[in-house]
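*Asks:* Could you have a look at this structure, given as structure tokens, before my questions?
Protein chains: 2
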Amino acid sequence: MQTYLRQENIRPLFKKARFGLEKESQRVSLTGELAKTDHPAVLGNRSLHSTVQTDFSETQIELITPAVETAQEVLDYLGAIHEVALRSMNKDEMLWPLSMPPELPELEEDIVIAKLDRFEDVLYRRYLARSYGKRKQMVSGIHYNFEFSTKFIEALFAVQTEFTCIEKFKTEIYLKVARNYLRYRWLITYLYGASPVSEPRYFTEDQSPREPVRSLRNSPYGYTNHEEVFVSYQSIEKYIQDIEDLVEKGVLSEEKEFYSPVRLRGGKQVADLKEVGVQYVEIRNIDLDPFAPYGIALEGIEFFQVFLMYMLWLEDSGDDLDQLLKDGTRLNDQVSLEHPLSETSLKEEGKNLLEGMKEMLKVLDSKPSWVVLIDRALKMLEQPEETLSGKMQVLFDDGLTNKDLAVTQGQAYSNAAWEKPYQLAGFRDMELSTQILMFDALQRGIEVEVLDRHDQFLKLSYAGKIEYVKNGNMTSKDKYVVPLIMENKTVTKKILSQAGFRVPKGEEFSSLEEALASYSQFESQGIVIKPKSTNYGIGISIFKDGASFEAYQEALRIAFKEDSEVLVEEFISGTEYRFFVIDGQTEAIMLRVPANVKGDGVSTIQELVTEKNKDPLRGTHHRSPLEIIQLGEIERLMLKEQGYKVDDVLPKDAIVYLRENSNVSTGGDSLDVTNDFRNEYKEIAVAAVEALGAKISGIDLIIPDKEVNPYETKNSYGIIEANFNPAMHMHVFPYQGEGVRLTQNVLDLLFPESKVIN
Amino acid sequence: MQTYLRQENIRPLFKKARFGLEKESQRVSLTGELAKTDHPAVLGNRSLHSTVQTDFSETQIELITPAVETAQEVLDYLGAIHEVALRSMNKDEMLWPLSMPPELPELEEDIVIAKLDRFEDVLYRRYLARSYGKRKQMVSGIHYNFEFSTKFIEALFAVQTEFTCIEKFKTEIYLKVARNYLRYRWLITYLYGASPVSEPRYFTEDQSPREPVRSLRNSPYGYTNHEEVFVSYQSIEKYIQDIEDLVEKGVLSEEKEFYSPVRLRGGKQVADLKEVGVQYVEIRNIDLDPFAPYGIALEGIEFFQVFLMYMLWLEDSGDDLDQLLKDGTRLNDQVSLEHPLSETSLKEEGKNLLEGMKEMLKVLDSKPSWVVLIDRALKMLEQPEETLSGKMQVLFDDGLTNKDLAVTQGQAYSNAAWEKPYQLAGFRDMELSTQILMFDALQRGIEVEVLDRHDQFLKLSYAGKIEYVKNGNMTSKDKYVVPLIMENKTVTKKILSQAGFRVPKGEEFSSLEEALASYSQFESQGIVIKPKSTNYGIGISIFKDGASFEAYQEALRIAFKEDSEVLVEEFISGTEYRFFVIDGQTEAIMLRVPANVKGDGVSTIQELVTEKNKDPLRGTHHRSPLEIIQLGEIERLMLKEQGYKVDDVLPKDAIVYLRENSNVSTGGDSLDVTNDFRNEYKEIAVAAVEALGAKISGIDLIIPDKEVNPYETKNSYGIIEANFNPAMHMHVFPYQGEGVRLTQNVLDLLFPESKVIN
């Protein structure tokens with residue numbers, strides 16, 4: 001095998017893989033008591049939920065990531081799902097960060113089996129409760145699904161000569177990995193075991209070990225099958241046969257009761273493995289790492305990968321493949337029960353394994369960080385206090401209790417999840433609207449795949465249906481031609497005007513001469529001069545009371561710099577509001593106000609700005625719904641014009657504006673005014689968006705007086721723009737007023753069947 | 001009135017208007033005989049046709065433009081519709097360019113009444129035949145619909161004090177214009193009259209004038225009501241009452257039999273005018289101009305506009321408004337029967353009118369070209385040979401017959417229409433695909449409005465349904481997210497790959513370092529390095545047999561210059577074909593071949609290129625389906641590499657390529673191979689487009705051997721790109737092979753009900 005793996009074309013492919021994680025945790029109060037509440041209703045139907053499930057008990061949340069191609073990505077998803085779970089729970093609950101459960105109820109019947117819809121699922125849990133006792137089922141851990149890359153398997157298959165069928169070959173690969181893993185898994189227990197002690201009432205009587213150990217969970221005290229369960233990994237036929245026999249004899253109730261540290265996966269049932277071949281392995285002996293916010297750290301994910309690669313690299317150690325497994329279990333039992341701070345009895349074998357891994361990485365020309373991981377493991381072998389259980393034990397020796405540790409860490413992770421509720425862990429570099437949409441999708445159990453991170457491109461799947469979303473609300477529900485219409489101001493205005501809506505009257509010019517020749521037409525009225533297609537206010541000049549010929553000429557010059565076509569339009573006076581219309585409803589209305597502070601009669605403007613900037617909604621670089629108010633040159637100039645300096649004390653209730661423009665990106669405030677509006681305006685916005693043929697649009701209306709009835713008053717509004725990818729985050733988290741969670745409306749539109757009814 | 005019109009804010013608005021034209025012509029053979037064929041079937045259902053109709057007889061085509069806002073635009077539409085009509089007719093037919101019909105059949109019954117669907121339409125024509133004789137009904141002309149701009153009427157209404165209702169005010173405006181027009185219309189007859197003589201059998205017996213006249217059509221010999229028809233234009237009430245009385249008395253069979261040189265228009269029926277007010281005037285006394293390709297020239301359209309403006313500018317001449325009309329008719333009759341080359345008896349009044357118009361234009365600060373028009377008219381007043389009938393008479397005096405003139409002009413206009421069948425008159429600056437689509441739409445009777453000419457934005461309407469189209473095939477039938485998918489090569493590949501299609505395997509990199517570190521992965525295979533989002537082959541490097549590290553590095557540098565993300569992909573060898581898929585069908589397949597010539601053993605390469613460039617499909621600047629082959633630096637270098645010079649004689653059947661790239665834009669050939677392909681490949685293209693969710697796409701497949709069955713052979717194709725706005729013109733007019741009129745498929749998709757079944 002090594003001969004093949006060392007080949008030049010195989011080496012780069014060998015380093016590629018797919019990962020998926022499952023993580024169980026107990027829901028507890030902020031002080032560490034097992035939760036008495038039900039699984040969060042906001043998560044909707046558990047049977048269809050792709051990411052947040054319940055395991056054995058109603059309090060035991062299971063988080064499931066999709067399968068992805070890098071360690072970082074799988075951690076990103078776990079982080080995101082973790083935040084979804086935490087923010088879906090009551091704010092006074094958190095996740096217990098240890099594998100061993102929190103203090104359990106005195107009466108076993110007070111441990112509530114997960115309230116699942118499917119009766120067979122409930123029955124199975126009842127059987128487990130009878131067979132193992134409910135307490136043992138309360139243990140949690142990480143399941144680590146690992147698959148070599150398809151290209152790697154194909155390339156390897158191409159160079160070997162023994163197998164003629166790629167499925168068989170693949171199965172053989174994973175059988176070997178599984179066997180070696182079972183043989184050497186004690187090293188994982190040594191390094192990453194993290195369940196030295198238990199809280200009260202995990203053990204029914206006092207059967208617990210007197211001393212702390214490396215991993216209760218991976219020891220015979222943990223969550224293992226009864227002793228008579230032995231399954232061979234010699235061949236896939238034997239593996240299947242053994243499991244089927246155990247079920248047949250009633251030793252196991254179902255296939256899934258086979259709790260091996262490595263399961264062979266592929267197809268729906270164990271029997272399918274023979275036909276489809278093993279497609280990946282599920283590693284099940286990983287304790288929750290209390291020092292990692294999501295129960296597992298990036299270095300852990302990567303170490304397990306290198307370890308599994310090495311399990312393929314290694315030759316089979318011995319001919320009796322069943323004996324190998326038995327040895328593995330014996331050695332693992334032994335190491336798991338060692339004291340966390342003691343030197344392990346298998347140190348020499350450990351050293352050999354790690355040096356072998358290092359050697360392999362050298363041959364593979366791997367990235368340096370992987371070598372660092374091995375060096376760190378070597379150090380842990382020398383210094384048990386560096387292992388996870390060792391670190392915990394050092395804290396215990398310092399007087400911290402196991403529960404203290406759990407509560408401290410659990411609270412820290414819970415606080416982190418709530419700190420910036422407009423962001424989503426793992427995806428904080430994406431647009432806020434997309435982060436919020438992803439949160440809502442994950443919460444509803446919609447599968448989320450990020451097809452292109454830089455491009456904000458998502459694939460959402462639910463109940464067999466697929467929808468693609470770009471930038472939060474560019475979807476299949478809108479028609480191709482609609483954004484093209486909105487992109488073109490002239491076309492937008494023509495269509496709206498033909499449909500009877502009021503838009504600023506104006507002309508389009510494609511040459512300066514032509515525009516200048518038409519001056520007389522605009523001479524005596526307020527006008528706006530703007531480039532036809534550019535956005536964000538660039539190149540726009542506004543003359544509220546009309547322009548002199550010189551000013552007209554200059555403004556045209558500026559506009560023609562931005563575009564070869566320029567619009568001259570009547571200026572409509574009034575306040576500009578953004579109407580967010582989706583699926584025939586005006587769901588939100590927003591007023592944007594330039595950066596400003598309001599005096600209290602005591603503080604200086606500088607102090608007022610500092611105070612206002614403390615709002616957790618304010619941040620920088622569009623990673624928050626509002627931006628920090630600056631006191632730069634423009635703001636100081638603006639103050640000066642109003643007769644102020646930054647260290648002037650502002651009179652009580654006096655409002656001073658620091659910017660002319662109302663953009664949120666320059667510190668402006670976003671005011672939700674959805675409920676302050678007459679229905680007529682909402683209807684007009686809906687009708688205008690309908691005239692443009694759009695399902696989703698942010699349409700900007702200038703309204704001189706929103707109290708008048710627009711049906712009864714002339715010129716009561718003017719539509720100045722329709723946006724085909726309107727920002728949502730500012731509506732969800734406004735500066736003032738109630739937020740409107742438009743991302744939920746997008747999901748309702750895409751997957752009406754996923755709507756959570758509480 | 002003039003006081004108002006002179007006001008600063010009114011003046012610029014006064015110059016704006018809306019125009020619509022209707023033009024009748026007789027279909028004739030290329031030698032000028034009245035056509036014996038039916039109205040072209042390819043035009044579909046006449047009852048729904050918006051632009052090409054039949055008037056009185058089956059041979060009398062009527063072209064109808066939409067109402068638009070400039071003289072140039074209305075002429076553009078007339079030109080386009082003209083070409084549609086000509087190219088819809090048999091190639092051996094043309095349009096008779098004169099108002100007076102071609103030689104008519106001996107027997108009146110051989111003049112075939114238009115074969116219309118609605119029986120009442122046929123009945124009405126039968127009545128006209130009985131009442132006026134069929135021969136008179138064969139006369140053709142231009143109807144000129146004119147409306148002042150709404151803004152103008154509104155502004156004028158705002159400054160006057162007499163009227164309180166804008167509809168009444170508007171009606172008064174048009175009544176005045178109509179009265180003055182009727183009074184002074186003799187000047188139009190003088191300047192633009194163009195029917196001096198008739199062909200045989202227009203006059204049943206020899207009642208015709210002995211001498212040529214200025215306008216038979218506008219004379220008592222023309223197409224006028226019986227003498228007892230007089231309708232007053234004093235007030236709208238009187239106008240309606242008079243017409244209703246005439247119908248009541250049976251003098252007119254229907255309202256529309258009232259053949260006034262000016263009709264007041266608004267609403268569906270004359271009676272509606274009272275309620276809705278007059279909305280525009282229809283000027284009906286314009287002869288076909290045989291010297292203008294479409295029967296009317298731009299200067300004519302503009303002169304009539306200025307003339308109509310002046311009819312408003314003028315004060316009413318006298319109190320007896322009915323007498324005014326009678327005077328007008330008398331003067332017009334008089335001028336119409338003058339000899340074309342004689343001085344008109346009304347020269348002085350004409351001079352006064354034209355000087356008055358000039359004065360008005362000066363006050364209005366109008367564009368210089370309008371003043372030129374008036375000066376030209378003044379000259380025509382002095383020199384009758386400069387009038388239309390005068391020009392004709394000069395030719396007759398030189399020995400040309402009326403028929404000769406008609407045939408020469410008619411043939412020239414027909415040839416012009418057929419010269420570049422891939423273009424559309426009036427819109428030759430637009431994209432070819434859009435021009436062809438517009439042609440097909442107009443041919444089917446779909447209304448076409450160009451919303452934005454530079455942006456190729458069309459509004460199509462048919463039977464009450466509206467569709468918007470940009471760039472020929474960006475429509476409402478595709479979903480918003482689909483082009484976004486196709487724009488992103490990574491996302492496209494992921495979706496196609498997940499759906500089981502073969503796409504080039506590869507990686508995406510966002511830094512040079514990262515890409516360089518992955519070199520080993522691509523070391524030993526053919527690769528393509530390309531920027532992620534840019535198009536048109538910019539920044540792409542292809543290494544068919546793999547790249548050295550240095551070459552790899554250099555190619556990455558080039559690609560990163562174009563985009564912040566770069567793809568490295570496997571190179572799939574084979575021939576690239578463009579599959580055009582629309583509505584679940586592969587309608588066309590194209591092979592593009594680099595610019596090349598094929599030797600004949602006699603000609604030099606230079607001569608072969610010159611010969612090949614004679615193909616009428618070749619042109620420059622994308623205004624033709626193929627581009628002229630250049631012999632510039634690149635081509636000469638390419639020749640040199642193959643051991644040729646431009647003046648070498650190429651051996652018979654030897655093919656030499658002048659370019660490496662196969663782009664049509666650099667002289668490449670487009671070969672239609674739709675029928676050379678196995679169905680399986682067409683199915684694969686359809687399925688891939690379906691996987692992307694698109695209705696219309698040009699999908700590029702690399703196929704090593706198109707003869708093999710792709711379902712039975714591995715790696716028989718690779719999909720390298722899907723395009724969301726694929727060019728259509730190259731499929732419609734290929735260099736070789738049968739063209740596929742994809743624009744028809746687009747229309748079938750948008751308006752299935754408009755499909756013409758022949």
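Residue numbers (the UniProt record's numbering), protein chains in the order written: chain U, 1 to 758; chain B, 1 to 758.
We put the CB at the ideal spot given by N, CA and C, even for glycine.
#1: So that I know if they touch, is there some Cβ in chain A lying closer than 8 Å to that of Y462 of chain B?
#2: Which chain B residues are close to T475 of chain U, counting only those with a beta carbon under 7 Å from its beta carbon?
#3: I need the boundaries of the beta strand (DSSP E) containing Q53 of chain B, first residue and last residue.
#4: Go ahead and label P752 of chain U buried or exposed: buried means 16 or more other beta carbons lie within 10 angstroms of its beta carbon, across all protein chains shown.
#5: Thinking V335 of chain U and L321 of chain U are a contact (beta carbons under 8 Å), I'd like their distance in whole angstroms, please.
#6: Distance cutoff 8 Å, beta carbons only. Does D452 of chain B sit that close to anything in chain U?
#7: From what residue to what residue does the alpha helix (DSSP H) around E349 of chain B run?
#8: Fully enclosed by the segment 723 to 750 of chain U, which alpha helix (DSSP H) runs are 4 residues long or longer?
#9: Just mark P616 of chain B as buried or exposed, buried being the case when its beta carbon has 16 or more other beta carbons within 10 Å.
#10: If you draw a straight line from the C-alpha of K358 of chain B to the C-alpha of S369 of chain B, how long is it?
#11: Skipping 5 residues on each side, what residues in its chain have a beta carbon closer than 8 Å to that of T575 of chain B?
#12: Is there a Cβ from chain U that is less than 8 Å from the Cβ of N488 of chain B?
#13: Under a CB-based cut-off of 8 Å, is N723 of chain B close to chain U?
#14: Could you round the C-beta distance between E523 of chain U and N745 of chain U to whole angstroms and report it? I think they count as a contact, below 8 Å.
#15: Looking only at DSSP bridge pairs, what is W96 of chain U linked to?
#16: List the DSSP bridge partners of S461 of chain U.
#17: Does the pairing of the segment 217 to 231 of chain U with the segment 155 to 163 of chain U give three or more beta-carbon distances under 8 Å?
#18: Find out if the Cβ-Cβ distance for the pair L246 of chain B, V229 of chain B is shorter than 8 Å.
#19: How close, in whole Å, do the beta carbons of L337 of chain B and V213 of chain B come, if the pair is a contact with beta carbons under 8 Å?
#20: Beta strand (DSSP E) containing Q60 of chain B: first to last residue?
#21: So which of U:V231, U:V276 and U:N352 has the shortest CA-CA distance to K168 of chain U?
#22: What would DSSP say about I81 of chain U, mapped onto helix, strand or coil?
#23: Using the three-state DSSP reduction, which class does N180 of chain B fall into: helix, strand or coil?
#24: With burial defined as no fewer than 16 other Cβ atoms inside 10 Å of the residue's Cβ, what is the status of E635 of chain U: buried or exposed?
#25: In angstroms, rounded to a whole number, what distance separates the CA positions of L556 of chain B and N661 of chain U?
#26: Step through the CB atoms of chain U and report whether any lies within less than 8 Å of the CB of D748 of chain B.
#27: Starting from the C-beta of A194 of chain U, find all residues in its chain whose C-beta is less than 8 Å away, skip the five residues before and the five after it, and write them out in chain order.
#28: Under 8 Å Cβ to Cβ from K249 of chain U, same chain only, skipping five residues before and after it: list those, please.
#29: Given L341 of chain U, which residues of its chain have a CB within under 7 Å of its CB, disregarding the five upstream and five downstream residues?
#30: When Cβ atoms are compared, which residues of the segment 689 to 717 of chain B fall closer than 7 Å to chain U?
#31: For Q521 of chain U, return the contacting residues in chain B, with the cut-off set at a CB-CB distance below 8 Å.
#32: Can you check which of these residues, U:F148, U:Y190 and U:L187, is closest to T171 of chain U by C-alpha distance?
#33: Runs of 3 residues minimum, wholly inside the segment 542 to 630 of chain B: which ones carry the beta strand (DSSP E) assignment?
#34: For the segment 675 to 703 of chain U, which segments carrying the beta strand (DSSP E) assignment without a break, of at least 3 residues, lie completely within its bounds, in sequence order?
#35: For V609 of chain B, which residues in the same chain have their Cβ closer than 7 Å to its Cβ, ignoring the five residues on either side in sequence?
#36: Just to confirm the assignment, what range does the beta strand (DSSP E) spanning R265 of chain B have?
*Replies:* In short:
#1: This model lacks chain A altogether; the protein chains it does include are U and B.
#2: Y480 and V481
#3: V52 to T54
#4: exposed
#5: So it is not a contact: roughly 21 Å between Cβ atoms.
#6: yes
#7: K347 to L364
#8: 729 to 732 and 742 to 750
#9: exposed
#10: 12 Å
#11: L591, I702, I703, P704 and K706
#12: yes
#13: no
#14: So it is not a contact: roughly 46 Å between Cβ atoms.
#15: U:Q26
#16: As a beta-bridge residue in DSSP terms, S461 of chain U pairs with U:E447 and U:I466.
#17: no
#18: yes
#19: 5 Å
#20: Q60 to I64
#21: U:V276
#22: helix
#23: Note: N180 of chain B maps to helix in three-state DSSP.
#24: buried
#25: Here the C-alpha atom of L556 of chain B lies approximately 42 Å from the C-alpha atom of N661 of chain U.
#26: The beta carbon of D748 of chain B sits no closer than 8 Å to any beta carbon of chain U.
#27: L98, S99, S215, D287, L288, D289, P290, L388, S389 and M392
#28: Apart from the 5 residues on each side of it in sequence, K249 of chain U has no Cβ closer than 8 Å to any other Cβ in its chain.
#29: Closer than 7 Å at the Cβ level, and outside the excluded window around L341 of chain U, lie P384, E385, G390 and Q393.
#30: G693
#31: P12 and L13
#32: U:F148
#33: 566 to 570, 575 to 582, 585 to 593 and 596 to 598
#34: 696 to 703
#35: V597, I629 and L631
#36: V262 to R265
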